[in-house]
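Inspection log for the structure reproduced underneath, given as structure tokens.
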Amino acid sequence: MMIDVNANAVDSSQGSWRPLSLFFAVLVSFGAYVIFISAPAMRANAKLHLDREIATENVAFCETVGIRAHSSDFGVCSQQLAIVRQKQADRDTAAAAGLP
């Protein structure tokens, strides 16, 4: 019985890891981009948008009660609104945690 060994035969499983490792490298690179580049910019943009929205609401509310945006009492009105918002946020956080 003679065994035919082909010295030029290549195992097909040896090269199949390359496309898979390339896929994972691209996936990790994209994840790193999202975590370190895109996410902070998105958070900063969202905070800027929220700050603008709150400022607009402050002006609208304070003017509703007769305090003009450029008056000396406007700062006090805005601070009081910030306190009200913080208390509501605290209540929401407590409710989400199941506290009374």
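Using the numbering used here, you'd call the opening residue of the sequence shown number 5 and step up by one each time. Note that beta-carbon positions come from the ideal geometry of N, C-alpha and C, so glycine has one too. Note that the structure is a prediction, hence the values are computed from the model and not measured.
(request) State the Cα-Cα distance for the pair Gly35 and Ser20, rounded to the nearest angstrom. (result) Taking the straight line joining both Cα atoms gives about 24 Å.
(request) Go through its chain and collect everything with a Cβ distance to Arg72's Cβ below 7 Å, but skip five positions before and after it. (result) Correct list, in chain order: Phe78.
(message) According to DSSP, is Gly79 part of a helix, a strand, or is it coil?
(response) The answer is helix: DSSP assigns Gly79 an H, G or I state.
(request) Please report how far the alpha carbon of Cys66 lies from the alpha carbon of Ser33, in whole angstroms. (result) Rounded to the nearest angstrom, the two C-alpha atoms are 48 Å apart.
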